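Below is one structure, written out as structure tokens; comments come after it.
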Amino acid sequence: MKMHGARKDLLAGAVFVGFGLAFAITASTYEVGSALRMGPGYFPLVLGSLLVLLGIAIAVKAFVAGEGDDLGPVPWKAGALIVAALLFFGYTVRGLGLVPSLLVTVFLTAMAGRNARVIPSAVIAVSLTALSILIFVIALQLRLPYVGPWLEG
Amino acid sequence: MEILQNIGLGFETAFTPINLLFAFIGVALGTAVGVLPGIGPTATIALLLPITFGFDPVTSLIMLAGIYYGAQYGGSTTAILINLPGESSAAVTAIDGHQMARQGRAGPALATAALGSFFAGTVGTLALALFAVPISEAALLFGPAEYFSLVVLGLIASIALASGSVLKALAMIVLGLLLGTVGQDLVSGTPRFTFGLRELYGGLDFVSLAVGLFGVAEILRNLEGNITRSVAVQKVKNLWLTRADFRRIRGPVLRGTGLGTVLGVLPGAGHVLASFVSYSVEKRVSKNSHEFGKGAIEGVAAPESANNAAAQTQFVPLLTLGLPVSPIMALLLGAFIIQGIVPGPNVINEEPELVWGLIASMWIGNFFLVLLNLPLIGLWVKMLTIPYRFLFPAIIAFASIGTYSIGLNAYDIYAIAFFGVLGYVLIKLGNEPAPLLLGFVLGPLLEEYLRRSLIISDGDPSVFVTRPISAVLLLLAFGAFVLAVLPSIRRKRDVVFEEES
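Top line first, the protein sequences correspond to chains X and L. The opening residue of the first sequence carries number 1 in full-length UniProt numbering; numbering runs sequentially from there. The opening residue of the second sequence carries number 1 in full-length UniProt numbering; numbering runs sequentially from there.
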């Protein structure tokens with residue numbers, strides 16, 4: 001299974017080509033200018049194109065050499081939960097306030113652990129929230145309201 | 001003697017109670033994260049960066065730097081006791097250190113690591129004090145063209161000295177440079193890659209990137225499989241070295257310190273490289289070379305001295321040129337910027353208390369580390385019993401609050417999630433995250449210097465090769481690049497990195 005092993009580098013190359021293209025194409029919509037008077041698009045356009053070339057080179061090399069390791073397991077559930085937790089925090093910390101927002105965030109994160117169960121995760125959420133308040137609000141005096149306007153009705 | 005005055009000023013600053021306290025907190029925290037696998041100093045410094053916002057600049061840097069060299073220390077403790085290097089630079093120490101522990105000589109191994117590190121840290125700090133002034137004075141002559149070439153050299157050299165694929169490291173740097181262009185263009189004010197979001201006009205948040213890349217991505221890596229930790233540690237007794245031990249470690253400590261001091265200045269993972277190289281050197285020159293791998297005390301003394309010396313001299317390019325040579329230095333550069341200090345050769349003149357206070361604090365911190373580590377060794381080992389299921393929610397919680405508290409900007413939190421996933425994917429596909437962070441930090445500088453140089457030279461790109469300093473720097477960069485891609489040298493370099501790992 002030569003192809004299977006090479007997939008890692010092929011994917012890496014594809015990621016770089018994707019980013020390179022996205023940056024280069026967007027950059028070309030800005031004023032590019034010349035080497036003398038570089039516009040805002042010049043530097044990213046050059047780098048984006050370079051990234052595309054590097055991505056292609058990585059993919060081609062992978063294709064020719066055909067070596068590399070297997071991808072291994074991907075923690076889909078954990079990844080989804082942690083991303084959800086972070087997005088939730090960003091979206092609600094102002095509206096709900098620090099305490100409710102952090103409780104849910106930590107709970108979601110704790111559920112990302114292997115064999116995590118609801119009650120232990122809830123305990124982790126409560127204790128970590130308390131600890132965070134102690135560190136950030138009480139000791140470091142950050143001005144983050146405990147409860148936000150959404151809950152004050 | 002100007003240097004004595006400077007060092008005097010440094011100690012005066014570092015010896016204030018508040019700075020002593022934070023140097024202590026820094027090295028203690030650093031030891032903790034060095035001991036704990038799954039969280040490293042890079043993520044920790046990124047997490048704590050926001051908290052230090054309200055601190056005095058000196059205090060903040062003293063603590064953050066303490067985390068860094070404290071972690072070098074903690075990493076070697078676990079390397080010796082349970083064959084689990086908490087830090088990449090301690091990987092070599094594990095080879096002979098753990099063998100010593102299995103033979104019941106954990107005490108002498110730990111003492112060797114501590115004494116070697118302390119000696120090396122002292123020499124490294126002195127070297128930093130000696131070279132800081134001349135280098136920053138030379139750097140004052142630099143124009144934008146020289147700075148452009150210097151940044152290029154830094155970026156290229158960081159690839160040449162890292163392990164792994166050169167192409168991938170280059171691609172990561174370029175991706176980092178591109179991510180650095182997000183936000184308003186400095187010259188024209190045009191918003192770039194902002195998707196029309198005002199929140200992104202100031203650019204992607206550096207703390208979010210670091211926390212995502214080194215914190216969240218690492219958590220995802222750890223959640224892939226079971227983290228099993230064997231904490232079956234023998235009791236550590238008899239920390240003292242025999243006279244014979246002393247005789248055996250003297251040479252390795254001196255050579256390791258020398259190598260580390262020099263290699264630490266180099267971009268990339270200078271301290272990791274230093275520990276590997278010094279181990280190989282000792283293996284070759286030692287008359288006990290047959291014992292290497294089976295518990296040779298030289299195999300602990302040399303790499304531990306080397307990585308600690310290097311950890312100190314890594315600060316030279318940062319403090320004198322404003323050029324970070326590793327992701328951690330990049331984070332400290334970020335700390336300067338957060339504090340409103342423009343890093344560069346002027347810092348040492350404009351903020352002498354900051355620079356010399358930081359340097360002096362490192363010596364004090366190294367002293368704390370000896371105190372913290374030898375008598376309290378049991379405490380650190382106990383920390384290993386903290387289950388990971390408590391640790392990673394804490395990292396996410398602290399990351400969220402800390403990052404949010406800097407700018408009260410929800411997009412900074414979204415950016416953590418984005419960079420966490422991106423970092424995980426890239427690492428999973430075999431890319432090291434460090435070059436991306438370096439590229440991200442240096443990108444805006446690179447673009448600014450490039451554009452300024454070309455405006456001064458009327459668009460003539462030959463300015464980079466006709467100005468002598470710039471030409472030499474570019475030549476060095478080219479040389480580093482050739483070294484990195486030449487197959488015969490690549491093989492040797494990989495041997496250095498893989499032989500003992």
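Backbone N, C-alpha and C fix where the C-beta goes; we use that ideal spot for every residue, glycine too. Remember, predicted model here, so these are calculated numbers, not experimental data.
Contact between the stretch 284-294 of chain L and the stretch 260-275 of chain L is not established, with fewer than three Cβ pairs separated by less than 8 Å. For G55/X, the neighbours in chain L by C-beta distance under 8 Å run, in chain order, A171. R114/X carries a coil assignment under DSSP once its states are collapsed to helix, strand and coil. In the DSSP assignment, the residues bridged to M38/X are G33/X.
Proximity of Y30/X to chain L, defined by a Cβ-Cβ separation below 8 Å, is satisfied. Assigned with DSSP and collapsed to three states, Q312/L falls in helix. With contacts defined as CB atoms closer than 8 Å, N373/L and Y73/L qualify as a contacting pair. Interface flag for I297/L against chain X is unset, since no Cβ pair is found closer than 8 Å. Taking 8 Å as the upper bound on Cβ-Cβ separation, chain X lies near residues T181, D185, V187, S188, T190, R192 and F193 of the stretch 181-199 of chain L. Going by C-alpha positions, G48/X is about 18 Å away from L11/X. In the DSSP assignment, S188/L falls outside any alpha helix (DSSP H), carrying neither H nor E. Around the CB of K77/X, fewer than 16 other CB atoms lie within 10 Å, so the residue is classed as exposed. In the three-state reduction of the DSSP assignment, G183/L falls in the strand class.
V381/L and E31/X have their C-alpha atoms spaced approximately 58 Å apart. Against V93/X, the close residues of chain L are S400, Y404, A410 and I413, in the order they occur along the chain (beta-carbon pairs closer than 8 Å).
About 6 Å separates the beta carbons of G79/X and L220/L, which is inside the 8 Å limit, making them a contact pair. Per DSSP, G75/L is one residue of the alpha helix (DSSP H) stretching across P57 to I82. Residues of the stretch 357-389 of chain L whose Cβ lies closer than 7 Å to any Cβ of chain X, in chain order: R389.
Ranking S278/L, Q312/L and I406/L by CA distance to the CA of Q339/L puts I406/L first. Just so you know, the alpha carbons of L21/X and A415/L end up roughly 21 Å apart. Here the stretch 345-353 of chain L does not lie against the stretch 163-172 of chain L, with fewer than 3 beta-carbon pairs under 8 Å apart. Contact annotation for E447/L against chain X: F43 [CB-CB distance below 8 Å, chain order]. Judged by their CB atoms, S400/L and L86/X are nearer to each other than the 8 Å cut-off. Spanning the alpha carbons of A109/L and P393/L requires a straight line of approximately 34 Å.
In this structure, DSSP gives G72/X a state outside helix and strand, which the three-state scheme calls coil. The beta carbon of I25/X sits closer than 8 Å to the beta carbons of G48 from its chain, once the five residues preceding and following it are set aside; these are given in chain order.
Any Cβ of chain L closer than 8 Å to the Cβ of L96/X would place that residue at the interface, and such an atom is absent. Interface annotation, P461/L: in contact with chain X, CB-CB separation under 8 Å. Contact note: R451/L reaches chain X through M38, using a C-beta cutoff of 7 Å and chain order. Counting only Cβ-Cβ distances below 7 Å, D458/L has contacts in chain X at L36, in chain order.
Taking 8 Å as the CB threshold, V147/X stays off the interface with chain L.
The stretch 471-490 of chain L makes contact with the stretch 146-159 of chain L: 3 or more CB pairs, one atom from each, lie closer than 8 Å. Counting only residues of its own chain and dropping the five nearest sequence neighbours on each side, M329/L has a CB closer than 7 Å to the CB of Q314 and L318.
A contact between stretches requires three or more CB pairs, one per stretch, nearer than 8 Å, and the stretch 360-373 of chain L meets this requirement with the stretch 5-22 of chain L.
Looking only at L29/L, L47/L, R105/L and F22/L, the smallest Cα-Cα distance to K294/L is reached by R105/L.
Taking C-alpha positions only, V316/L is separated from L128/L by approximately 6 Å.
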